[in-house]
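Notes follow once the structure below has been shown.
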Amino acid sequence: MGGDYKRLFQKKNNRLKDLQDFEKFMVFKRTTYGSNPLLFFCVLKEYKQFDYIFAS
Numbered sequence: 001m002g003g004d005y006k007r008l009f010q011k012k013n014n015r016l017k018d019l020q021d022f023e024k025f026m027v028f029k030r031t032t033y034g035s036n037p038l039l040f041f042c043v044l045k046e047y048k049q050f051d052y053i054f055a056s
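Under the UniProt record's numbering, the first residue of the sequence shown carries the number 1, and numbering increases by one thereafter.
What follows is the structure, given as structure tokens:
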């Protein structure tokens, strides 16, 4: 599951620092979102630094 999210993130952004921040987010918040993709994106949306992922 985590690999799919990382690939989606990489499509939206190719900066190494942002990818590292995203990986840290995934590790530290995993207990919050578990294996639920909808909950993952809800938690992700709360963090302003990742807003560009949701931009069209």
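Positions of the beta carbon are idealized from the N, C-alpha and C atoms, including for glycine.
When the options are compared against residue i, the one with the closest alpha-carbon
| i | options | result |
| --- | --- | --- |
| residue 49 | 35, 25, 39 and 36 | 25 |
Pairwise C-alpha distance: residue j and residue i
| i | j | result |
| --- | --- | --- |
| residue 31 | residue 15 | 26 Å |
| residue 55 | residue 45 | 11 Å |
| residue 37 | residue 17 | 24 Å |
| residue 42 | residue 52 | 14 Å |
| residue 6 | residue 47 | 16 Å |
| residue 28 | residue 4 | 17 Å |
| residue 39 | residue 22 | 16 Å |
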